[in-house]
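Mapping of the sequence shown onto UniProt numbering: residues 1 to 215, in sequence order.
All C-beta atoms, glycine included, are put in the ideal place defined by N, C-alpha and C.
Working notes, structure below.
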Amino acid sequence: MLNHRKNCPYEVLLLAWFCSLGAYIVLHEAGVAYELVKVNLRQHTLESDDDYYAINPKGAVPALGLDDGAVLTEGAAVLQYLGDHFVPALVPANGTLERARLQEILNYLAAEYHKAWTPLFYLAKGADATDAQRPVIARQTYLNGLLADGRDYLLGDDFSVADTYLFAVTRWSVNFGISLEAQPALQAFMARVEARPSVKAVLKAEGLTELFNKA
């Protein structure tokens, strides 16, 4: 199903503009060998024109192909797997309260924050986006409150896989005309993450503009 290159046992299939940008950042943080295969999510095909549904029947990204042929999907699961196996500093130890906190915020990001953007993606061109923006802004207000206690990242002082997810999704604010001026802690978080070397490398590789780090 997946063709792996020699000495490159892991493969992330993603379209980097979407939430799988987080997995891409974690791979750069880890410094592991990987092959990046982009997915056309409109056609659900790979660059090779192969059917992406044959790899992930859900049709979403990211999908992580393992060297034994297994495929892992869902962003929160992929991020934790990459952290556990390649960059433990980005995930608290299993069985700890801190790990439960990581899972708590990942679940919120996936089920509440990420999902809140869906109406904006289906909004007719030129339509008033005010109503569709409200659920996103409400969740950004909550996340801003978490970050407003002085912490640098979602779990405290240490960068984690959850931060890559929040960063990837919050970048959509620019695309959908949502200002972060009213969310100063979240805005500062975005600049902080964007300043990381791994994030700069990913954005440069994908031809994406730095939007928040004005330094």
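Under DSSP, Thr45 shares a beta bridge with Asn40 and Asp51. Closest in C-alpha terms to Ala63, from the list Tyr34, Val91 and Leu90, comes Tyr34. By the neighbour-count criterion, in which a residue is buried when 16 or more other Cβ atoms sit within 10 angstroms of its Cβ, Val174 is exposed. Of the candidates Leu120, Asp84 and Val26, Leu120 places its Cα closest to the Cα of Trp172. Per the Cβ contact rule, the stretch 59-77 is not in contact with the stretch 129-144 (fewer than 3 Cβ pairs under 8 Å). Runs of the alpha helix (DSSP H) lying entirely within the stretch 140-210 and spanning at least 4 residues, in chain order: 161-170, 172-175, 184-194 and 197-205. The DSSP-derived three-state label of Glu35 is strand.
The three-state secondary structure of Leu120, taken from DSSP, is helix. Exclusion of the five residues before and after Ser198 leaves Ile25, His28 and Glu29 as the residues of its chain whose Cβ lies within less than 7 Å of its Cβ. Annotation: Ala89 to Lys58 spans about 30 Å, alpha carbon to alpha carbon.
In the pairwise beta carbon analysis, the stretch 158-172 is classified as touching the stretch 103-110: at least three pairs are separated by under 8 Å.
In the structure shown, Gly75 adopts helical secondary structure according to DSSP, grouped into three states. Ala111 carries a helical assignment under DSSP once its states are collapsed to helix, strand and coil. With a cutoff of 8 Å on beta-carbon distance, Leu82 and Ala23 are scored as near each other. By the criterion of at least three beta-carbon pairs nearer than 8 Å, the stretch 86-100 is not in contact with the stretch 144-153. Cβ-Cβ distances below 8 Å link Arg101 to Pro92 and Leu155 in the same chain, with the five nearest sequence neighbours on each side left out; the list follows chain order.
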